[in-house]
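Visitor:
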Amino acid sequence: MVTVLTDARRARHIAEQVPDPELPMLTLADLGVLRDVTVAADGTVVADLTPTYSGCPAMSEMRAEVSARLRDAGFERVEVRTVLNPPWTTDWISPEGRRKLSEHGIAPPGPAPRPAPGPVPLVLSATRSAVPCPRCGAADTEETSRFGATSCKALWRCRACREPFEYVKEI
Amino acid sequence: MSDDHVYMSLAEGHEDNARWAYGTGFEDPLHGVSTAVPDGVDRAELAELCLALADDALVSAQRLGEWTTRAPELEEEVALANIGLDLLGQARLLYARCGQVDGTGRGEDAYAYFRDADDFRNVTLAELPNGDFAFSMARLLVLASWRLAHFELLAGSADPVLAAIAAKGVKELTYHRQYAAEWVVRLGDGTEESHRRMQAGLDQVVPCLAELSAAHDAGEAVLAVLAQVTEAAGLSLADVPAAAAGAGRRGEHTEHLAPLLAELQSVARAHPEATW
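These protein sequences, in sequence, are chains A and B. Using the UniProt record's numbering, the final residue of the first sequence is 171, and nothing's skipped along the way. Using the UniProt record's numbering, the final residue of the second sequence is 276, and nothing's skipped along the way.
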């Protein structure tokens, strides 16, 4: 049986498969940054991307990669637009994306907090709400730094297997 | 694409020259975002606000970056650099919006690299040298709390682009404020020496609240945070000065801004047409 994809579905599929430059085990679809892919009446493919963090330097790389892959697939006119609203949240990382993160030793985020007015939550002890170790599964883990090698990750370590690991922090 | 590895693809030729965000000649960070300004929004006021908020962020980012290789621990360098990167991203978006609405059509590089100190509108607190780590943490707590409170209001701005930039920034600034608050408590409630230096850092920052309160009416939120955090830290909060129009928003700066800009702008000015 031959499945004929419409241009729009084919374009969407291509854009969805582009890997994230910093977390290459994830596709842009897994990460939840690809907001829409449409084909205009004149054949222009319009892909909407949203940044994870305001300063994420991977954004221009994502844009270039989406554009290049669509052109390589035969779409002559491609426009990749930035969409800022609503702001990206880690809740948009797909279940498949969370599974891949765990598989690669990166703890996936929990539910994103809703920014709320009120006092600053001051918790100074190293042990926080349990992020299970993505390697051994132990709950006995602690944060070593809330900021890591990329904007979206924090540094943690497992007190059971002693391995350090990265954690995609909720935002 | 012949090579699926994303890092290998960096070496391939593309029509689009924009690659990683190093150097000058960045892409427009607002590419594809509608440039329209809604009826009833004063373009000059909007541009002025975007510029001031962008300058606060750019100058703060530069100071935070200076901690790299100098912070007490590697983790703190990573954290401060990350906070600076968030602010740099906010500055880029705000400069781009400013260029759309102020009638000049300038891009972000023109604002960041080709204006002199007199043209900057950041509050002077942002430009003061980093000094002691404790002072830097007190300043970060105040600036993050102030910017967060202001961005929460701006998320409802009549300008949809500014509203979107602010709504995104709120999430980032919440992390920045948290980070600074924890250090203020850790140092204030730490050893005799750390307490002494944290108190000194706080005392240096408090007089600057006059300029902040005058610039944006977010002073109450900042005071609430300061009261909470200093109490938890066992620090005493000096009398907060009344709001007084600050010099920074008028382009009058301390002697510390020009050297900061000289470092920030030197490469771009030496090679004004360069892209890499």
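We treat Cβ as the ideally placed atom computed from N, Cα and C, and that holds for glycine.
Around the Cβ of B:A227, are there at least 16 other Cβ atoms within 10 angstroms (buried) or fewer (exposed)?
Guide: B:A227 is exposed by the Cβ-count criterion.
Visitor: Could you give the distance in angstroms between the alpha-carbon of A:A154 and the alpha-carbon of B:D39?
Guide: Cα-Cα distance, rounded: 43 Å.
Visitor: Can you tell me whether A:P95 is helix, strand or coil according to DSSP?
Guide: Three-state result, A:P95: helix.
Visitor: Are B:V185 and A:L34 close, meaning C-beta to C-beta below 8 Å?
Guide: Not closer than 8 Å, so no.
Visitor: Fully enclosed by the segment 51-75 of chain A, which alpha helix (DSSP H) runs are 4 residues long or longer?
Guide: Within the segment 51-75 of chain A, the complete alpha helix (DSSP H) runs of at least 4 residues are 59-72.
Visitor: Hey, does B:Q62 have any beta-carbon neighbour from chain A nearer than 8 Å?
Guide: With 8 Å as the cut-off, B:Q62 does not count as an interface residue toward chain A.
Visitor: On the DSSP bridge assignment, give the partners of A:F165 in chain order.
Guide: Per DSSP, A:W156.
Visitor: In three-state terms, what does DSSP make of A:V80?
Guide: Here A:V80 sits in strand by DSSP.
Visitor: Just curious, the alpha helix (DSSP H) that A:D36 is in, first and last residue?
Guide: A:D36 -> not in any alpha helix (DSSP H); beta strand (DSSP E) instead, spanning L34 to V39.
Visitor: For the alpha helix (DSSP H) containing B:S266, name the first residue and the last one.
Guide: Taken as a continuous stretch (DSSP letters only), the alpha helix (DSSP H) holding B:S266 covers L257 to A270.
Visitor: Taking a contact to mean a Cβ-Cβ separation below 8 Å, would you say B:P29 touches A:T82 in this structure?
Guide: Yes. Within cutoff.
Visitor: So, are the CB atoms of B:L148 and B:R177 less than 8 Å apart?
Guide: In contact: B:L148 and B:R177 (Cβ atoms closer than 8 Å).
Visitor: If you follow the beta strand (DSSP E) that A:T6 is part of, which residue opens it and which one closes it?
Guide: No beta strand (DSSP E) holds A:T6; DSSP gives it neither H nor E.
Visitor: Could you compute how far the alpha carbon of B:P259 sits from the alpha carbon of B:S136?
Guide: C-alpha separation (whole angstroms): 18 Å.
Visitor: When the cut-off is 8 Å and only beta carbons count, does A:I93 lie next to chain B?
Guide: For A:I93, the answer is no, since every Cβ of chain B falls outside 8 Å of its Cβ.
Visitor: So is A:Y53 in contact with chain B if we call contact Cβ pairs under 8 Å?
Guide: True, the Cβ-Cβ gap to chain B drops below 8 Å.
Visitor: Suppose contacts are defined by Cβ-Cβ distances below 8 Å. Is B:R97 in contact with B:L162 by that definition?
Guide: Yes, these two residues count as a Cβ contact at 8 Å.
Visitor: Mind pulling the chain A residues with CB within less than 8 Å of B:H31?
Guide: By Cβ distance, chain A contributes R63, V80, R81 and T82.
Visitor: Going by Cα to Cα distance, which pick from A:I171, A:T144 and A:A160 is closest to B:E75?
Guide: B:E75 has its Cα closest to that of A:T144, out of A:I171, A:T144 and A:A160.
Visitor: Identify each residue in the UniProt domain "PaaD zinc beta ribbon" (123-169) of chain A for which the Cβ-Cβ distance to at least one residue of chain B is less than 9 Å, and report them in chain order.
Guide: Within the UniProt domain "PaaD zinc beta ribbon" (123-169) of chain A, the qualifying residues are V123, L124, T144, S145, R146, F147, G148, A149, T150, S151, L155 and K169.
Visitor: 8 Å is my cut-off, CB to CB: does B:Q199 come that close to chain A?
Guide: Closer than 8 Å: no.
Visitor: Can you find a C-beta in chain B that's less than 8 Å from the C-beta of A:P109?
Guide: Not one chain B Cβ lies under 8 Å of A:P109.
Visitor: On the CB-based measure, 16 or more other CB atoms within 10 Å of its CB, does A:R77 come out buried or exposed?
Guide: The residue is exposed, with fewer than 16 neighbouring Cβ atoms inside 10 Å.
Visitor: In whole angstroms, give me the CA-to-CA distance for B:Y111 and B:D42.
Guide: Rounded to the nearest angstrom, the two C-alpha atoms are 20 Å apart.
Visitor: Whole angstroms is fine: what's the gap from B:A268's alpha carbon to A:C161's?
Guide: When rounded, the distance between both Cα atoms is 48 Å.
Visitor: Buried or exposed for B:R121, going by 16 or more other Cβ atoms inside 10 Å?
Guide: It is buried - the Cβ of B:R121 has at least 16 other Cβ atoms within 10 Å.
Visitor: Would the segment 97-113 of chain A and the segment 34-47 of chain A be scored as touching if the rule is three or more Cβ pairs under 8 Å?
Guide: At 8 Å Cβ cutoff, the stretches do not touch.
Visitor: On the three-pair Cβ rule with 8 Å, is the segment 83-92 of chain B touching the segment 49-64 of chain B?
Guide: Contact between the segment 83-92 of chain B and the segment 49-64 of chain B is present, because at least three Cβ pairs lie under 8 Å.
Visitor: To the nearest angstrom, how far is the alpha carbon of B:L64 from that of A:D7?
Guide: Roughly 47 Å between the two C-alpha positions.
Visitor: Note down the Cα distance separating B:A245 from B:E211, rounded to an integer number of angstroms.
Guide: In a straight line, the C-alpha of B:A245 is about 6 Å away from that of B:E211.
Visitor: Relative to the C-alpha of A:P109, which residue among A:T50, A:R157 and A:P95 is closest?
Guide: The shortest Cα separation from A:P109 among A:T50, A:R157 and A:P95 belongs to A:P95.
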